[in-house]
Amino acid sequence: SQQGEEDPQALSIQEGENATMNCSYKTSINNLQWYRQNSGRGLVHLILIRSNEREKHSGRLRVTLDTSKKSSSLLITASRAADTASYFCATDNGNTGKLIFGQGTTLQVKP
Amino acid sequence: DAGITQSPRHKVTETGTPVTLRCHQTENHRYMYWYRQDPGHGLRLIHYSYGVKDTDKGEVSDGYSVSRSKTEDFLLTLESATSSQTSVYFCAISELKGGNQPQHFGDGTRLSIL
Numbered sequence: 001s002q003q004g005e006e007d008p009q010a011l012s013i014q015e016g017e018n019a020t021m022n023c024s025y026k027t028s029i030n031n032l033q034w035y036r037q038n039s040g041r042g043l044v045h046l047i048l049i050r051s052n053e054r055e056k057h058s059g060r061l062r063v064t065l066d067t068s069k070k071s072s073s074l075l076i077t078a079s080r081a082a083d084t085a086s087y088f089c090a091t092d093n094g095n096t097g098k099l100i101f102g103q104g105t106t107l108q109v110k111p
Numbered sequence: 001d002a003g004i005t006q007s008p009r010h011k012v013t014e015t016g017t018p019v020t021l022r023c024h025q026t027e028n029h030r031y032m033y034w035y036r037q038d039p040g041h042g043l044r045l046i047h048y049s050y051g052v053k054d055t056d057k058g059e060v061s062d063g064y065s066v067s068r069s070k071t072e073d074f075l076l077t078l079e080s081a082t083s084s085q086t087s088v089y090f091c092a093i094s095e096l097k098g099g100n101q102p103q104h105f106g107d108g109t110r111l112s113i114l
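Line by line, the protein sequences give chains F and W. When you line the first sequence up against the working numbering, it's residues 1 to 111, in that order. When you line the second sequence up against the working numbering, it's residues 1 to 114, in that order.
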């Protein structure tokens, strides 16, 4: 079953612009994670935000979490062509150790 | 990059044949996972392991079995492959339970069943 749903499904921007991706989920969570997947490769972990956190930064990445709206956003500032990839959110809605992934947002950054 | 190796990287086989995919890790992580990735479905968990000989089912386990006889190896077997199992399969590992820790992924096995 899908827990996280990303929006938009696809995003195309120019280098230097900011990219914002959103994730909505259905049930209460302990943590939410964001991953990146380059074409033909495995997923790479970007950031984990816990349910008691509202915002987290890592380099050019900014993640927010609104548990009241059951949503999260990933902001990539000053995007680069190398940021071209698919981005997935994943939630852990209990202590099961299982992550549930959304379908992802495909980001294209044009040079 | 985490030391995760999936083999084979590509495989084409026929319906009804058995297929085994291997995931090998050098990180000594306790938890290992098998996912499949299909267009429109994202990643879905097939099976996971929380220790040697300790495995459990995920969301889409029908038609798949797994084994873990050593910490470093996690095998996924399709007993009798069907065309619906054509997919890209990813192995992942984590030191602690996956929800509380990042998972580290291999580069996948692209499996085509004709």
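Positions of the beta carbon are idealized from the N, C-alpha and C atoms, including for glycine.
Between Ile93(W) and Tyr31(W), the C-beta gap is smaller than 9 Å, which places the two residues in contact. For the 9 Å CB-CB criterion, Gln33(F) and Ala85(F) do not form a contact.
Listed by position along chain F, the residues whose Cβ is nearer than 7 Å to that of Phe74(W) form an empty set, because the closest Cβ is around 15 Å away. Arg41(F): not part of any beta strand (DSSP E); DSSP gives it neither H nor E. Cβ neighbours of Asp7(F) within its own chain (closer than 8 Å, five residues either side excluded): Met21, Asn22, Cys23, Ser24, Thr105. Ser79(F): not part of any beta strand (DSSP E); DSSP gives it neither H nor E.
Only those residues of the segment 45-76 of chain F whose C-beta falls short of 7 Å from the nearest C-beta of chain W are listed: His45, Leu48. Annotated three-state conformation of Ser61(W) is coil, per DSSP. Contact annotation: in the segment 4-29 of chain W, no residue has its CB less than 7 Å from a CB in chain F. Only those residues of the segment 60-93 of chain W whose C-beta falls short of 8 Å from the nearest C-beta of chain F are listed: Phe90, Ala92. About 7 Å separates the beta carbon of Arg22(W) from that of Asp73(W), a gap short enough to meet the 8 Å contact definition.
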